[in-house]
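Counted the way this note's numbering counts, the sequence shown spans residues -17 to 130.
Let me begin by presenting the structure, written as structure tokens, before commenting on it.
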Amino acid sequence: MSEEKMVGYCGYDCSRCAARSNDATERQKLVDGWERIFGHQAYTAENVRCDGCKAGGRLADTKCAVRPCAIERKVESCAGCSDLPCQKVRPLLASRDGLLIYACRDKQVTEEEYDRCCRQFEGMPNVVEALVACGRLPKWAAGASSKK
């Protein structure tokens, strides 16, 4: 996986996602985790392979409504869209705390499993930073969502 940060239209950090790995075993662990944590059953180590929604290559979520919408509206991020938060992106806006609560609601999730299967979905800090950059949030909000 790339060391360079890759942020999708929705704020997901694609560079942290095991779906980008060339290692089929690593992708299978991702698929197994997504099935156990989120109930996803449509993914395999091969069809989960993804280059990131802005890369123009393979996509893990071919049914995502955010990517085609962002391309059509010619925005670099959903943060640049006046309709944020819309019905397309709202279910994808996730924080670390929200993901932990959801992922651990009725099962034990190890830190390794969380890092592999959930960490890339911690998109709220990226959305906040993009909203600050385009002037839709005040400058003091930059970094505020990641402060503890």
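Where a beta carbon is used, it is the ideal one built from N, C-alpha and C, also for glycine.
Assuming residue i contacts residue j under a Cβ cut-off of 8 angstroms, what Cβ separation, rounded to an integer in Å, is found between them?
i: residue -4; j: residue 34; result: 4 angstroms
i: residue 49; j: residue -9; result: 6 angstroms
Which residues share a DSSP beta bridge with residue i?
i: residue -5; result: -11
Taking Cβ positions, are residue i and residue j nearer each other than 8 angstroms?
i: residue 32; j: residue 42; result: yes
i: residue -11; j: residue 9; result: no
i: residue 75; j: residue 105; result: yes
i: residue 0; j: residue -13; result: no
Where residue i and residue j are concerned, what is the direct C-alpha to C-alpha distance, given to the nearest angstrom?
i: residue 70; j: residue 55; result: 13 angstroms
i: residue 91; j: residue 99; result: 10 angstroms
i: residue 121; j: residue 107; result: 13 angstroms
i: residue 36; j: residue 58; result: 9 angstroms
i: residue 109; j: residue 124; result: 10 angstroms
i: residue 26; j: residue 119; result: 39 angstroms
i: residue 72; j: residue 78; result: 15 angstroms
i: residue 101; j: residue -2; result: 7 angstroms
Any idea if residue i is buried or exposed, counting beta-carbon neighbours within 10 angstroms, 16 or more meaning buried?
i: residue 52; result: buried
i: residue 87; result: exposed
i: residue 112; result: buried
i: residue 2; result: buried
i: residue 19; result: buried
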